[in-house]
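Engineer:
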Amino acid sequence: MIRQHIGFIRKLMKEQQAETEETAKIEHMKMNAVYWGLSALDLLNALPLTEERNLIMNKLQKCRNVDGGYGGSPLHDSHILSTLSVIQIAVILGQVDKIDRESINIAGLQNKDGSFNGDKYGEVDTRFSYCACCALSLINKLNVINQEKAVEYLDRCRNWDGGFGQWIDSESHGGQIFCSVGALDILNKINIIEKDKLIWWLSERQTELGGLCGRPEKDPDVCYSWWDLSVLSILNSIDSIDKDKLAGFILKCQDKDKGGISDSVENEPDVYHTFFGLAGLTLLNNPVLERELREASQEITEISDEEGIEKPNKKDGDVNITTSSTGSTFINTINPTYALTHRALRYRKDYFTNVLKEQLMDKDGL
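For the sequence shown, position 357 (counting from the first letter as 1) is numbered 357 according to UniProt numbering, and the numbering increases by one without interruption.
#1: For the alpha helix (DSSP H) that contains I89, what are its first and last residues?
#2: Considering only C-alpha positions, which residue in the set N143, A135 and G214 is nearest to I80?
#3: On the CB-based measure, 16 or more other CB atoms within 10 Å of its CB, does W36 come out buried or exposed?
#4: List the DSSP bridge partners of N117.
#5: If distances are taken between C-alpha atoms only, which option among L184, P74, H5 and Y153 comes closest to D169?
#6: Mind checking which residues open and close the alpha helix (DSSP H) that includes C179?
#7: Looking at T341: is its Cβ nearer than 8 angstroms to the Cβ of D67?
#8: Between which two residues does the alpha helix (DSSP H) holding R53 run?
#9: Taking D119 and S78 to be in contact with their CB atoms under 8 angstroms, please state how far apart those CB atoms are, rounded to whole angstroms.
#10: Ordered along the chain, which non-local residues of its own chain (more than five positions away) have a Cβ less than 7 angstroms from that of T337?
#11: I'd like to confirm the pairing. Which residues does DSSP put opposite I334 in its beta bridges?
#12: Near W201, which residues of its chain fall below 7 angstroms by C-beta distance, leaving aside the five closest residues on each side in sequence?
#13: Based on DSSP bridge pairs, tell me the residues matched to L212.
#14: Short of 7 angstroms in beta carbon distance, which residues of its chain neighbour K141, apart from the five on each side in sequence? Order them along the chain.
#15: Distance, Cα to Cα, G317 vs R205?
#16: Mark V265 as exposed unless 16 or more other C-beta atoms lie within 10 angstroms of its C-beta, in which case mark it buried.
#17: Return the chain-ordered list of same chain residues with a C-beta closer than 6 angstroms to the C-beta of Y130, the five sequence neighbours on each side being excluded.
#18: Once DSSP output is grouped into helix, strand and coil, what is the label at S324?
#19: Is the distance from the Cβ of A46 to the Cβ of I89 below 8 angstroms?
#20: Excluding the five sequence neighbours on either side, which residues of its own chain have a C-beta within less than 6 angstroms of the C-beta of D221, listed in chain order?
#21: What does DSSP give as the partner residues of Q110 in its beta bridges?
#22: Tell me the residue span of the alpha helix (DSSP H) that contains K218.
#23: What's the gap between the Cα of Q176 and the Cα of R127?
#24: Have a look at H273 and I261 and give me their C-alpha separation to the nearest angstrom.
#25: Near S203, which residues of its chain fall below 6 angstroms by C-beta distance, leaving aside the five closest residues on each side in sequence?
#26: Would you mind sorting L55 into buried or exposed? The rule is 16 or more other CB atoms within 10 Å of its CB.
#27: Can you tell me whether DSSP reads I6 as helix, strand or coil?
#28: Between the alpha carbons of M57 and L251, how many angstroms are there, rounded?
#29: At the level of alpha carbons, what is the spacing between N188 and L138?
#30: Only counting the same chain, and skipping five residues up and downstream in sequence, which positions put a Cβ closer than 7 angstroms to that of G277?
#31: With DSSP collapsed to three states, give me the class of I99.
#32: For D270, write down the residues that DSSP places opposite it in a beta bridge.
#33: Tell me whether Q359 sits in a helix, a strand or coil according to DSSP, three-state version.
#34: Using DSSP bridges, identify the partner residues of F164.
#35: For the alpha helix (DSSP H) that contains D244, what are its first and last residues?
#36: Taking its Cβ as the centre, do 16 or more other Cβ atoms sit within 10 Å of S103, making it buried, or is it exposed?
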């Protein structure tokens with residue numbers, strides 16, 4: 001299925017660039033869709049070559065506004081969701097230098113109570129707390145916000161069941177829990193959560209079909225294979241669910257003909273669920289997945305030769321899929337807090353290490 005998934009994602013990403021009635025409906029989400037697509041390709045070691053990367057970043061810069069933030073498409077107002085997606089894309093593509101770190105005014109979106117607005121219109125959501133913390137952490141600017149107040153606000157969004165809601169006194173939800181726990185992890189305050197309660201709440205989200213859901217009494221959806229499972233991973237508690245059943249559910253949601261993964265069995269696949277389904281499978285490191293990938297041991301290398309994508313370059317932190325007489329094939333591992341591969345985060349770390357060295361050399365007059 002590797003070849004089909006890569007082909008499906010690349011086809012969708014090309015279609016999303018066209019100006020049609022269908023793409024107009026999702027204009028506000030285009031930036032997010034690019035992030036989902038590239039992240040999925042990164043997991044499969046199928047990122048585009050440098051020329052295509054440059055084209056992507058140049059298109060994204062057309063969505064940049066005078067406030068330093070990014071809209072979902074050109075001429076759209078800046079939104080913190082789109083701004084985070086652009087920063088994540090820059091990290092994935094190895095082009096963090098294209099981000100003007102000084103002009104991004106995320107700190108201006110923080111309210112006195114520590115919460116964050118998504119844009120200048122004032123909507124508050126724990127999603128935006130995560131976006132702010134994640135984006136600023138990725139560009140080494142976390143110090144520009146009031147971190148203590150940010151933690152206080154998130155703590156006020158914590159519910160009796162250990163979960164977190166969209167805002168204060170709202171129902172616990174898998175997506176909001178990821179955002180709240182992810183932000184607290186970035187702020188080094190994961191200790192304030194009620195770990196046992198939260199693990200119980202998340203493990204209860206597994207349904208009879210094996211998939212996870214976002215709230216009690218809801219149907220399973222592949223995307224919660226990321227939102228719920230990533231938090232269990234952060235808490236070192238993935239074993240609290242039946243991993244084989246979850247992997248089986250995700251794999252059943254694959255479209256075996258055209259590639260991609262859907263929200264549930266027999267539905268149409270899309271880039272959102274494809275990325276989060278693959279991300280969930282990498283967190284599981286499940287024998288079912290390993291067997292599927294072993295059957296396609298040479299596909300990634302073959303596709304690299306045929307379709308102009310970057311060849312795999314294995315480093316520490318990547319997972320071996322199979323080893324044969326011709327070498328190793330692997331899938332990248334993913335960080336459960338940042339929703340980026342360890343390969344991408346290694347690049348980011350190296351980039352800022354070099355920036356710091358240059359600053360010290362300039363200071364010393366070298």
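Heads up, the beta-carbon is just placed ideally off N, CA and C, and yes, glycines get one too.
Structural biologist: Here's the rundown:
#1: Within the sequence shown, the letter at position 89 stands for residue 89. In the DSSP assignment, I89 falls within the alpha helix (DSSP H) that extends over I80 to L93.
#2: In the sequence shown, the residue the question calls residue 80 occupies position 80. Of the residues N143, A135 and G214, the one whose Cα lies closest to the Cα of I80 is A135.
#3: Within the sequence shown, numbered from 1, the residue matching residue 36 stands at position 36. Classification for W36: buried.
#4: By one-based count along the sequence shown, residue 117 stands at place 117. For N117, DSSP records a beta bridge to V124.
#5: To locate residue 169, count along the sequence shown from 1; it is residue 169. Cα-wise, what sits closest to D169 is Y153.
#6: On the sequence shown, position 179 is the one that residue 179 refers to. Looking at the DSSP string, the run of the alpha helix (DSSP H) that includes C179 is G174 to I186.
#7: Numbered from its first residue, the sequence shown carries residue 341 at position 341. Numbered from its first residue, the sequence shown carries residue 67 at position 67. The answer is no: Cβ separation not under 8 angstroms.
#8: The residue given as residue 53 occupies position 53 in the sequence shown. Run containing R53: T50 to Q61, per the alpha helix (DSSP H) assignment.
#9: In the sequence shown, counting from the first residue as 1, residue 119 sits at position 119. In the sequence shown, counting from the first residue as 1, residue 78 sits at position 78. Yes, they are in contact, since the Cβ atoms of D119 and S78 sit about 6 angstroms apart, within 8 angstroms.
#10: Along the sequence shown, one-based indexing puts residue 337 at 337. Excluding sequence neighbours, T337 sits near G182, D185, I186 and I234.
#11: Stepping through the sequence shown from its first residue, residue 334 is reached at position 334. Note: I334 sits in a beta bridge opposite T341.
#12: In the sequence shown, residue 201 corresponds to position 201, counting from 1. Correct list, in chain order: D161, G162, G163 and S172.
#13: Position 212 of the sequence shown, counted from the start, is the residue given in the question as residue 212. Q206, per the DSSP bridge assignment.
#14: What you label residue 141 is simply residue 141 of the sequence shown in a count that begins at 1. Around K141: R101.
#15: Stepping through the sequence shown from its first residue, residue 317 is reached at position 317. Stepping through the sequence shown from its first residue, residue 205 is reached at position 205. Any reading at G317 must be qualified, since the residue scores a pLDDT of 43, below 50, and its modelled position is unreliable; the value itself is stated next. Distance between the alpha carbons of G317 and R205: 29 angstroms.
#16: Here residue 265 refers to the residue found at position 265 of the sequence shown. Note on V265: under 16 other CB atoms within 10 angstroms of its CB, so exposed under the neighbour-count rule.
#17: Taking the first residue of the sequence shown as 1, we reach residue 130 at position 130. Correct list, in chain order: C179, G182 and A183.
#18: The residue you call residue 324 lines up with position 324 of the sequence shown. The pLDDT assigned to S324 is 27, lower than 50, so where the model puts this residue is not dependable, and the model offers no usable value.
#19: Counting from one through the sequence shown, the residue named residue 46 turns up at place 46. Counting from one through the sequence shown, the residue named residue 89 turns up at place 89. With a cutoff of 8 angstroms on beta-carbon distance, A46 and I89 are scored as not near each other.
#20: Mapped onto the sequence shown, residue 221 falls at position 221. Contacts found: D263.
#21: Here residue 110 refers to the residue found at position 110 of the sequence shown. DSSP links Q110 through a beta bridge to F116.
#22: Numbered from 1 along the sequence shown, position 218 holds the residue referred to as residue 218. Counting along the chain, K218 sits inside no alpha helix (DSSP H), nor does DSSP assign it H or E at all.
#23: Taking the first residue of the sequence shown as 1, we reach residue 176 at position 176. Taking the first residue of the sequence shown as 1, we reach residue 127 at position 127. Their Cα atoms are separated by approximately 6 angstroms.
#24: The residue you call residue 273 lines up with position 273 of the sequence shown. The residue you call residue 261 lines up with position 261 of the sequence shown. One C-alpha to the other measures close to 6 angstroms.
#25: Reading the sequence shown from its first residue, position 203 is the one you call residue 203. If we look at S203 and ignore the five residues flanking it on each side, its Cβ neighbours are S240 and I241.
#26: Working through the sequence shown from its first residue, we reach residue 55 at position 55. Answer is exposed; the Cβ neighbour count stays below 16.
#27: In the sequence shown, the residue the question calls residue 6 occupies position 6. In the structure shown, I6 falls within a helical segment according to DSSP collapsed to helix, strand and coil.
#28: For the purposes of this step, residue 57 is identified with residue 57 of the sequence shown, where counting begins at 1. For the purposes of this step, residue 251 is identified with residue 251 of the sequence shown, where counting begins at 1. Cα to Cα, the separation comes out at about 32 angstroms.
#29: In the sequence shown, residue 188 corresponds to position 188, counting from 1. In the sequence shown, residue 138 corresponds to position 138, counting from 1. Cα-Cα distance, rounded: 15 angstroms.
#30: As a working note, residue 277 is residue 277 in the sequence shown. Here the set comprises V222, S225, I250, C253 and I261.
#31: Here residue 99 is taken as the residue at index 99 of the sequence shown, counted from 1. Coil, per DSSP.
#32: Mapped onto the sequence shown, residue 270 falls at position 270. D270 is bridged to I261.
#33: Here the question's residue 359 lines up with position 359 in the sequence shown. DSSP places Q359 in helix when its eight states are reduced to three.
#34: Counted from its first residue, the sequence shown places residue 164 at position 164. According to DSSP, which records beta bridges pairwise, F164 is partnered with R158.
#35: Within the sequence shown, numbered from 1, the residue matching residue 244 stands at position 244. Counting along the chain, the alpha helix (DSSP H) containing D244 begins and ends at K243 to K252.
#36: Within the sequence shown, numbered from 1, the residue matching residue 103 stands at position 103. S103 comes out exposed.
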